[in-house]
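In full-length UniProt numbering, the protein residues as written are 1 to 128.
In structure tokens, the structure reads:
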């Protein structure tokens, strides 16, 4: 009498990993065990792949943030420099206006005169 053996086959796949496999076994229990083992392995691989992708995206996001901060700092420095230049130009124009009205000349001559009197008094006190 001839003995027939049956083999069970089942196709499994993982969409994320793009993997496909045909599993064969002699009985249903063995087939289910093999499928469960393969799926667990693929799920673990998929988890590692997702974690690596998340780390990569986080690193890229940090890099973009640093570049944005650098641009913001450069922009703020440029703004401060422009404001300083504008203030200097404004002050120079005001001093020119005062100088043209001879108000600046009077103030400039009074200050050195006061300073020279103060220095003269200090020297005089040392000599005595």
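C-beta atoms are modelled at their ideal positions from N, C-alpha and C, and glycine is treated no differently.
{"query": "Three-way DSSP call (helix, strand, coil) for residue 20 in this model", "result": "strand"}
{"query": "Rounded straight-line distance, which links the Cα of residue 83 to that of residue 97", "result": "21 Å"}
{"query": "Enclosing beta strand (DSSP E) for residue 9 [first to last residue]", "result": "8-14"}
{"query": "From 27, 95, 46 and 68, residue whose alpha carbon lies closest to that of residue 5", "result": "27"}
{"query": "Whether residue 39 touches residue 12 by CB criterion (8 Å)", "result": "yes"}
{"query": "Residue 25 and residue 31 closer than 8 Å at C-beta", "result": "yes"}
{"query": "Those residues which DSSP pairs with residue 25 across a bridge", "result": "8"}
{"query": "C-alpha gap between residue 95 and residue 77, whole angstroms", "result": "27 Å"}
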